[in-house]
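**Student:**
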Amino acid sequence: MPKHYRPPGKKKEGNAAKYITRTKAVHYLQISLATFRKLCILKGVFPRVPKKKVEGNHKTYYHMKDIMFLAHEPLVEKLRDIRAHRKKVKKAIARKNRDLADRLLNRQPTYTLDRLILERYPTFVDALRDLDDCLTMVHLFAALPAVEGERVQVHRIHNCRRLSHEWQAYISRTHGLRKTFISVKGIYYQAEVEGQKITWLTPHALQQVLTADVDFNVMLTFVEFYEALLGFVNFKLYHSINVKYPPILDPRLEALAAELYALCRYMTASSGKSGNAQSIGCTEDKQDDDQKMSTGADESELRLAQLQHQLPSNEPGALMQLVEDATGADEDDNDTKECKNLFKNLKFFLSREVPRESLLFIIPAFGGVVSWEGNGSPFDESNEDITHQIVDRPTQGHIFLSREYVQPQWVFDCVNARIILPTEGYLVGRIPPPHLSPFVDNEAEGYVPEYAETIKRLQAAASNQVLPMPGADNQFFDDPQNLLVEGIIDRTEANEASEKKHKLEMLEKQYHDELKMELQGVTYSTSLSSKNMENQAKDVKEDTRGNMDQTKEDADKLSKVSMSRKKRGLYEAIQIRREREKAKVNLLKERKRKAEASKTG
5 MPKHYRPPGK
15 KKEGNAAKYI
25 TRTKAVHYLQ
35 ISLATFRKLC
45 ILKGVFPRVP
55 KKKVEGNHKT
65 YYHMKDIMFL
75 AHEPLVEKLR
85 DIRAHRKKVK
95 KAIARKNRDL
105 ADRLLNRQPT
115 YTLDRLILER
125 YPTFVDALRD
135 LDDCLTMVHL
145 FAALPAVEGE
155 RVQVHRIHNC
165 RRLSHEWQAY
175 ISRTHGLRKT
185 FISVKGIYYQ
195 AEVEGQKITW
205 LTPHALQQVL
215 TADVDFNVML
225 TFVEFYEALL
235 GFVNFKLYHS
245 INVKYPPILD
255 PRLEALAAEL
265 YALCRYMTAS
275 SGKSGNAQSI
285 GCTEDKQDDD
295 QKMSTGADES
305 ELRLAQLQHQ
315 LPSNEPGALM
325 QLVEDATGAD
335 EDDNDTKECK
345 NLFKNLKFFL
355 SREVPRESLL
365 FIIPAFGGVV
375 SWEGNGSPFD
385 ESNEDITHQI
395 VDRPTQGHIF
405 LSREYVQPQW
415 VFDCVNARII
425 LPTEGYLVGR
435 IPPPHLSPFV
445 DNEAEGYVPE
455 YAETIKRLQA
465 AASNQVLPMP
475 GADNQFFDDP
485 QNLLVEGIID
495 RTEANEASEK
505 KHKLEMLEKQ
515 YHDELKMELQ
525 GVTYSTSLSS
535 KNMENQAKDV
545 KEDTRGNMDQ
555 TKEDADKLSK
565 VSMSRKKRGL
575 YEAIQIRRER
585 EKAKVNLLKE
595 RKRKAEASKT
605 G
């Protein structure tokens, strides 16, 4: 009898009992394959890879507990009702009973995903951690053409556009944007919300074409779930800053496709009514600095007086909760303060050829005031207070001498560097510097681009790190390692400075030794013999160092022999990865050398 023989009718054990194939799961649930896919997407059930595939390697497996989890889902019955309802409508239309078909269409069964959202994300932090794909998908569908008769419904595209603008307005209002990068795929953003870093991708503002090789049914199921998730997240975030949700926009600005600007104005007005108004860049109304200055005690008393009438009568602890929420909104961390004041006192104007929505989102998020060319803008191009005009054309016809004309990349590079960069390299008609990704750690990669070193020097100069403080010891600034730790110079410059400093110390020591020998009356021949002895000692040291390297190499080989096959393979893979990284760095340095040689040649 085989070792794993199981008589007929005996209960399954092991992987055969834990996992089930997709075909058997569909038959078990008595639903179609499309409904099964939709149910798995909404419930968050995904295929598993068992150690031993009982039915074969060419099949998809699911955990049996997940299938039992789906079998008790109330949404299954609702999907069955929807399928039966569609059959009734189809039968009525086939019998040419239009009245019955209209009555059935007006009574379509519907379902909501509120319970699923709460089930999959018990806390708000869990929802924020899973928001990356949600934002990317919503922004992708928001950029699709809203045309009747296409595979994507128009109301879904409008809803995605509304949700994306509400999210951007909140990030811009709270100054939570941290990084941004322009790539071939689109524009990457990274924001920080309640301590969680959220990264998403938005497509470029180009005409999108719906291709035939994409299964939009699966994507629409994801979008349906993500719309509900982002709606709950926006509701929670808006109420955290005392703004009513959903927002009521200005119909004039909404008709002019300026929804983001209208949202900024709405949030500013709503926050001002609740006593939490803060200055943002999207508003044309300004207040004097004297009116903004007030002490912390006066603000607390004013907020307590305003929140007193909002307390429920049956909730005694609501006052402390509201006070904590109101005072916590003003406690910004260092990153938020730095981002809030980056474009402070700067006024931007966008030409018609630049990506308007992206810059309308970025500039106010960092404290700037922005307008654009077209109807609904806060101010026009002839405003004398404009400091920078964003232009993306080879030449500029009319020029105002009171402002600077820069390319859109300057805004993105300033955001990533957290300083106002010089505008000489970003002027109209010039080739801008390389656009560096803030998501890459140059020190870990082993190659630091030249422009990154320039930005690091500018950052050090902006923070006054190069200048010694009064009363500081000069030896601190003479030591290259201290400068490396402080970020004033990079690792290559620190190594070169250390070698130069070591050579100077050796020369100085040799000079003092020669002076000492002259004072002692030592002859030149004697000094030469002593030098020969020192050289021989150096040769012995070098030989010893070579022997130590050889000993280390032998020890590595011996330890490699004593490793198991799995550990040896892992060690070799690590070495191969290091060699590839070194080759990549050498290739970048070679390209840089050839580029410099071609420029000089």
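Each residue of the sequence shown is one higher than the one before, starting from 5 at the first, in my numbering.
For glycine and all other residues, C-beta sits at the position ideal for the given N, C-alpha and C.
Among the candidates K201, Q200 and T206, whose CA atom is the shortest distance from the CA of Y192?
**Tutor:** T206
**Student:** Can you give me the C-alpha to C-alpha distance between V158 and L210, rounded to a whole angstrom?
**Tutor:** 18 angstroms
**Student:** Helix, strand or coil: which one does DSSP assign to V565?
**Tutor:** helix
**Student:** Compute the Euclidean distance between the alpha carbons of Y249 and W376, then round it to the nearest angstrom.
**Tutor:** 27 angstroms
**Student:** Compare the beta carbon distance of K183 and N338 with 8 angstroms and say whether it is the shorter of the two.
**Tutor:** no
**Student:** List the residues that DSSP assigns as beta-bridge partners of W414.
**Tutor:** DSSP lists no bridge partner for W414.
**Student:** At what residue ranges does the segment 201 to 268 contain a whole run of the alpha helix (DSSP H), taking only runs of 4 or more?
**Tutor:** 220 to 244 and 255 to 259
**Student:** For my contact list, L346 and R422 are in at a C-beta cut-off of 8 angstroms; report their separation, rounded to the angstrom.
**Tutor:** 6 angstroms
**Student:** Using the C-alpha atoms, what's the distance from L139 back to G180?
**Tutor:** 15 angstroms
**Student:** Whose C-beta lies closer than 8 angstroms to the C-beta of E342 among residues of the same chain, with five residues either side of it excluded?
**Tutor:** So the list reads R422, once near-sequence residues are dropped.
**Student:** Can you tell me which of the three DSSP states H169 falls into?
**Tutor:** helix
**Student:** Over what stretch of residues does the alpha helix (DSSP H) that includes A195 continue unbroken?
**Tutor:** Counting along the chain, A195 falls outside any alpha helix (DSSP H), though it belongs to the beta strand (DSSP E) covering I191 to V197.
**Student:** What did DSSP end up calling F443 once you bin it into helix, strand or coil?
**Tutor:** coil
**Student:** For L234, is the classification buried or exposed, using 16 other Cβ atoms within 10 angstroms of its Cβ as the cut-off for buried?
**Tutor:** It is buried - the Cβ of L234 has at least 16 other Cβ atoms within 10 Å.
**Student:** Following the continuous beta strand (DSSP E) through T184, name the residue where it begins and the one where it ends.
**Tutor:** L181 to I186 is the extent of the beta strand (DSSP E) around T184.
**Student:** Tell me the rounded alpha-carbon separation between C3 and F50.
**Tutor:** Nothing can be reported for residue 3, as the shown portion of the chain is limited to 5 through 605.
**Student:** Would you decide whether Q393 is buried or exposed? Buried here means 16 or more other CB atoms lie within 10 Å of its CB.
**Tutor:** buried
**Student:** Write down the C-beta distance between W171 and N101 rounded to the nearest angstrom, noting that I regard them as a contact closer than 8 angstroms.
**Tutor:** With a Cβ gap of about 45 angstroms, W171 and N101 do not count as contacting.
**Student:** Going by the CB atoms, is the gap between A456 and L440 shorter than 8 angstroms?
**Tutor:** yes
**Student:** Label N590 either buried or exposed according to how many other C-beta atoms from any shown protein chain fall within 10 Å of its C-beta, with 16 as the threshold for buried.
**Tutor:** With fewer than 16 other Cβ atoms within 10 Å, it is exposed.
**Student:** Can you check the segment 16 to 87 for any beta strand (DSSP E) of at least 3 residues that lies completely inside it and give the ranges in chain order?
**Tutor:** Note on the segment 16 to 87: whole beta strand (DSSP E) runs with a minimum of 3 residues are 23 to 25 and 65 to 67, in chain order.
**Student:** Taking the alpha helix (DSSP H) that F383 falls in, what are its first and last residues?
**Tutor:** Following the DSSP letters along the chain, one finds F383 in no alpha helix (DSSP H), marked with neither H nor E.
**Student:** On the premise that Y65 lies in contact with Y32, defined as a C-beta separation below 8 angstroms, what is that separation, rounded to the nearest angstrom?
**Tutor:** So it is not a contact: roughly 14 angstroms between Cβ atoms.
**Student:** Closest to I390 by C-alpha separation, out of P398, R397, K55 and I403, would be which residue?
**Tutor:** I403
**Student:** Alpha carbon to alpha carbon, how far is Q411 from L144?
**Tutor:** 25 angstroms
**Student:** Shorter than 8 angstroms from the beta carbon of P78 to some beta carbon of chain C?
**Tutor:** Of the protein chains in the structure, only one exists, and it is not chain C.
**Student:** In whole angstroms, give me the CA-to-CA distance for Y174 and T427.
**Tutor:** 30 angstroms
**Student:** What is the DSSP secondary structure of K570, counted as helix, strand or coil?
**Tutor:** helix
**Student:** Closer than 6 angstroms by C-beta to D273: which residues in its own chain qualify, once you throw out the five before and the five after it? Chain order, please.
**Tutor:** For the sequence presented, residue 273 should be read as Ala rather than Asp. None.
**Student:** For P398 and H208, I'd like the C-alpha separation in whole angstroms.
**Tutor:** Taking the Cα positions, P398 is about 21 angstroms away from H208.
**Student:** Put Q393 into one of helix, strand or coil per three-state DSSP.
**Tutor:** strand
**Student:** Compute the beta-carbon to beta-carbon distance between V358 and D396, rounded to the nearest angstrom, for a pair I have assumed lies under 8 angstroms.
**Tutor:** Going by Cβ atoms, the distance from V358 to D396 rounds to 5 angstroms, so yes, they are a contact pair.
**Student:** Quick one: grab the DSSP three-state call for V156.
**Tutor:** In the structure shown, V156 sits in coil (DSSP, three-state: anything other than H, G, I, E or B).
**Student:** If you draw a straight line from the alpha carbon of E1 to that of S355, how long is it in whole angstroms?
**Tutor:** Residue numbering for the chain in the displayed model covers 5 to 605; residue 1 lies beyond these limits and cannot be assessed.
**Student:** Could you tell me which of C164, P453 and R569 sits nearest to R597, measuring between CA atoms?
**Tutor:** P453
**Student:** Distance check for K513 and E503, CA to CA, integer angstroms please.
**Tutor:** 15 angstroms
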